[in-house]
Each structure stands twice: as C-alpha cells, then as structure tokens.
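In the numbering used here, the protein residues as written are 94 to 537.
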C-alpha cells in the first residue's frame with residue numbers, strides 16, 4: 094500500500110462514537126439556536142435571522158448561550174484527550190490566529206457596549222475551542238462528513254416542516270424554499286451540503302452513486318431558495334479547487350472554452366434575435382428580477398457606514414458591538430428602513446475590530462487558502478479540498494452577506510477545516526505528495 098493509499102484508508106480511523114457525538118451535538122445546538130419551524134409562514138421570512146445564534150449574540154437568550162457553550166466544552170474535552178494529533182503552535186498561521194483573538198478580546202476596553210462584546214466573544218471562543226478539538230481528534234474527511242450530515246439533516250427537517258405546514262409550493266411564482274431558516278441562510282447550508290457531497294463523491298468510489306444523488310438533491314433545493322449569492326458562490330467554490338489541482342494546459346483549455354461558449358452564445362443571440370440579455374438576466378436573478386434593487390440598494394448602506402468607519406478606522410467600535418440600539422436607530426433612520434447589519438461581512442468587521450483586526454483576519458484566511466491548495470495537491474484528501482472550497486465560498490459570500498463574519502454553523506465548519514492545517518507538518522513532507530494525475534480523484 095503506498096503512502097497516499099494509506100492516508101486515504103486512514104481517513105475514517107476516528108472513533109465513530111466520538112464523531113457521531115460531535116455531529117449530534119453540533120447539529121442540535123445550532124438547530125436550537127438559529128432555527129424556527131414557522132419561518133416559512135412569516136411575511137418576508139421574519140422574524141429576521143440571517144445568522145445562526147443572532148439572538149444570543151445580541152444578549153437576548155441565555156439558554157441559547159448555554160447551548161452554544163456545549164460546543165466549547167466538547168472541543169475542550171477533545172483537546173485534552175490523550176489520543177489525537179498535536180496542533181502546530183509555530184508559524185505564521187497560529188501566530189496570526191492568536192493575535193486576532195487577542196485583539197478581538199482587547200477591543201472590549203474601547204467597545205461601545207462592553208457587555209455585548211463579551212457575550213459575542215464568548216460565542217467566538219466556543220467555536221474556536223470546538224474547531225481546535227475537532228482538528229485534533231478527527232481526520233479532515235470527518236469534518237466533511239460532519240458538514241454533510243448536519244446540513245443534510247437541516248434540509249430534511251426543513252422539507253418536512255414546509256410539507257406539514259402546507260408552505261412547500263415551488264410551483265407558485267415568488268416561492269423560496271426556507272424550511273426552518275431564512276432562504277439566504279438555507280442557501281448557505283445547502284452550499285455546504287453540496288460542497289461536502291461533491292468532494293466526498295470524487296474521492297469515494299463505492300459510494301459515488303448515492304453521493305452524486307445527494308449533490309443533485311442539494312443543488313435542486315439550493316436553486317429553490319433563489320439565493321443568488323450562494324448559487325454563484327457554489328460554482329466558484331467548486332471551480333477554484335479544481336483549477337488549482339489542474340495542469341496549466343487544462344486551465345488554459347478551460348478558459349478558452351468558456352470564452353468560446355460566451356462569444357458563441359452572444360453571436361447566436363444577435364443573429365437570431367433570441368434576447369440573450371433578457372434570458373441571462375432571468376437566469377442570474379433566479380426569477381427574482383423584481384428584487385434586483387436589493388443588490389444596488391446595498392451601496393447607499395455601505396456609503397453611510399463608511400462614515401462610521403472613518404471615525405474609528407484602526408480600532409473599530411468593539412468586537413461585534415457596533416450594532417447597538419443607538420447605531421441601529423441612526424442608520425435605519427438615514428436609510429428609511431430597518432437595518433442591523435451591513436450586508437457585507439468585511440464592512441461589519443471593520444466596524445467591529447477596525448482595520449487592524451480585519452487585516453489580520455483576512456491574512457489568516459488568505460494564508461489558509463494557499464496552505465489548503467498545497468495540502469490538497471499533495472495528499473488528494475477531500476477534507477482539504479472542502480476546506481479550500483469553504484474559504485472561497487466565505488470570501489465570496491462575505492461581499493453581500495454578513496453571516497460569514499461571525500461564529501455560526503457555516504463558519505464552524507470552515508474554521509474546523511482551517512484548524513486541520515495546524516495538524517500538518519510544516520512544510521508537508523515528501524511522502525504526503527499526491528501521485529495521482531491532476532483532476533483525477535484518489536479512490537479508497
């Protein structure tokens with residue numbers, strides 16, 4: 094058995110009971126914290142909750158805070174188990190992680206609402222402990238399985254809920270699949286589900302048929318959410334790792350072919366008067382043309398919030414404590430509609446921890462992206478491909494949504510993948526190199 098085969102066969106060497114304990118605990122906790130059985134019945138899917146854990150992070154429900162603490166306690170327990178892989182504490186990545194956490198904690202001293210910052214920092218630390226514990230005890234592929242099972246369970250519960258309530262009506266114009274969360278949040282969960290099933294299907298020969306089926310089902314329901322950001326992010330998150338693991342010749346062929354298809358479509362459309370532009374608009378907007386102003390409507394919000402950023406550019410207003418009642422009222426009055434987020438994770442981060450903290454966070458993400466590419470190329474482990482996809486998804490999604498900027502189920506899965514990079518020797522040893530031809534999966 095060669096080294097890569099051994100690496101792949103060891104992918105499920107984790108104690109199954111321990112893994113399933115983590116899956117059940119994380120799934121139940123985040124369902125309790127961020128889901129609502131009646132969301133699909135509310136107008137515009139209110140009460141508004143685009144981020145898992147938003148209520149407790151605002152300090153509104155200590156029971157939910159206690160539930161989230163269970164993830165931290167589980168992670169702490171996993172860290173102190175004798176078995177498991179050591180975590181690297183030397184290098185740029187762990188150093189920047191430590192600085193980011195220290196800076197975020199220090200922001201309490203200049204926060205507009207120290208109590209709010211402390212509560213949100215507690216949630217962040219629960220997720221960090223969970224991610225580190227999962228990285229120490231579980232293999233990279235285990236994280237992919239965890240993400241797929243939990244997001245798949247949320248999908249099943251969501252479909253069952255809408256069927257029971259009579260709100261599952263995809264044939265009605267304007268319908269968006271919500272399940273038990275806002276459609277945009279559901280879109281994020283389904284993107285995670287599709288990415289996990291996609292990379293597992295490419296690496297598991299015996300289970301490929303049903304994994305591809307799961308991917309197709311996830312993609313169908315993702316389209317039903319009509320979440321444009323998540324749909325576009327899914328395509329990008331799959332394309333980037335595939336191109337990263339391809340030869341230069343394959344990359345050139347891909348771009349040339351894509352350019353040829355676009356030019357050919359434009360030419361045929363003009364010759365036969367096919368109204369390609371209108372059709373393309375409908376496709377990109379996923380049938381939500383009447384809401385196209387939502388995209389351009391973000392620009393005035395960002396312009397207004399830039400004034401607050403300029404007031405405290407380096408340090409911000411304290412970790413996730415900008416959106417106090419004072420600022421919510423001021424910004425909402427200026428925009429003439431209620432707001433409590435920037436609809437951009439980068440701007441929300443600048444408001445919270447300033448340019449120093451946000452630059453550090455981006456440095457962590459970018460370094461993790463490049464390390465994930467190297468790890469995937471050399472080991473062909475689907476766990477590293479999934480991590481890479483999650484990073485790309487997060488970078489894309491953060492441009493139009495705020496959810497990727499805070500601790501929640503999606504960021505916990507991405508963070509757990511990034512934490513896996515801390516278990517790798519630096520640099521990756523020669524025996525971890527992937528002998529497979531680029532673009533071809535290594536089967537177990």
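Just so it is clear, CB atoms sit at the ideal spot from N, CA and C, and this is done for glycine as well.
Spatial distance of residue i from residue j (CA atoms)
i	j	result
residue 437	residue 303	36 Å
residue 243	residue 114	12 Å
residue 299	residue 180	32 Å
residue 463	residue 429	42 Å
residue 495	residue 278	11 Å
residue 538	residue 261	A question about residue 538 goes unanswered here, because the residues of the chain that appear run from 94 up to 537.
residue 395	residue 109	46 Å
residue 207	residue 214	10 Å
residue 317	residue 136	17 Å
residue 386	residue 448	Summary for residue 386: the model assigns pLDDT 47, below 50, so the residue's position carries little reliability, and this model does not support an answer.
residue 157	residue 329	34 Å
residue 469	residue 423	47 Å
residue 539	residue 187	Residue coverage of the chain in this structure runs from 94 to 537, which leaves residue 539 outside it and unanswerable.
residue 202	residue 194	14 Å
residue 500	residue 220	7 Å
residue 326	residue 257	31 Å
residue 197	residue 210	9 Å
residue 309	residue 292	13 Å
residue 321	residue 176	43 Å
residue 268	residue 169	43 Å
residue 230	residue 399	43 Å
residue 133	residue 272	6 Å
residue 457	residue 189	6 Å
residue 295	residue 224	25 Å
residue 455	residue 507	14 Å
residue 290	residue 205	43 Å
residue 406	residue 466	33 Å
residue 402	residue 439	11 Å
residue 471	residue 334	13 Å
residue 479	residue 510	8 Å
residue 239	residue 413	28 Å
residue 192	residue 453	8 Å
residue 275	residue 281	10 Å
residue 285	residue 483	8 Å
residue 324	residue 315	7 Å
Cβ-based burial, residue i [other Cβ within 10 Å; buried from 16]
i	result
residue 375	Its pLDDT being 46, under 50, residue 375 is placed unreliably by the model, and nothing is read from it.
residue 319	buried
residue 426	exposed
residue 259	exposed
residue 451	buried
residue 237	buried
residue 173	exposed
residue 233	buried
residue 306	exposed
residue 249	exposed
residue 138	buried
residue 491	buried
residue 165	buried
Residue i - DSSP class collapsed to helix/strand/coil
i	result
residue 473	coil
residue 498	helix
residue 184	coil
residue 335	helix
residue 263	coil
residue 272	coil
residue 483	helix
residue 464	helix
residue 538	Summary: the structure shown does not reach residue 538, with the chain confined to residues 94 through 537, and so no result is reported for it.
residue 233	helix
residue 279	helix
residue 130	coil
residue 204	coil
residue 115	helix
residue 166	helix
residue 110	helix
residue 176	coil
residue 493	coil
residue 517	coil
Cutoff 8 Å: residue i Cβ touching any chain B Cβ
i	result
residue 418	Looking for chain B here will not work: only one protein chain is present.
Residue i CB to nearest heavy atom of the ligand MN below 7 Å
i	result
residue 207	Looking for the ligand MN in the displayed structure turns up nothing, as the structure carries no ligands at all.
Exercise. Which runs of the alpha helix (DSSP H), 4 residues or longer, sit entirely within the stretch 377–461?
Worked result: List check, alpha helix (DSSP H) in window: 386–389, 391–404 and 418–428.
Exercise. Taking the runs of the alpha helix (DSSP H) that are 4 residues or longer, which of them lie wholly in the stretch 297–321?
Worked result: As far as the stretch 297–321 is concerned, its whole alpha helix (DSSP H) runs of at least 4 residues are 301–318.
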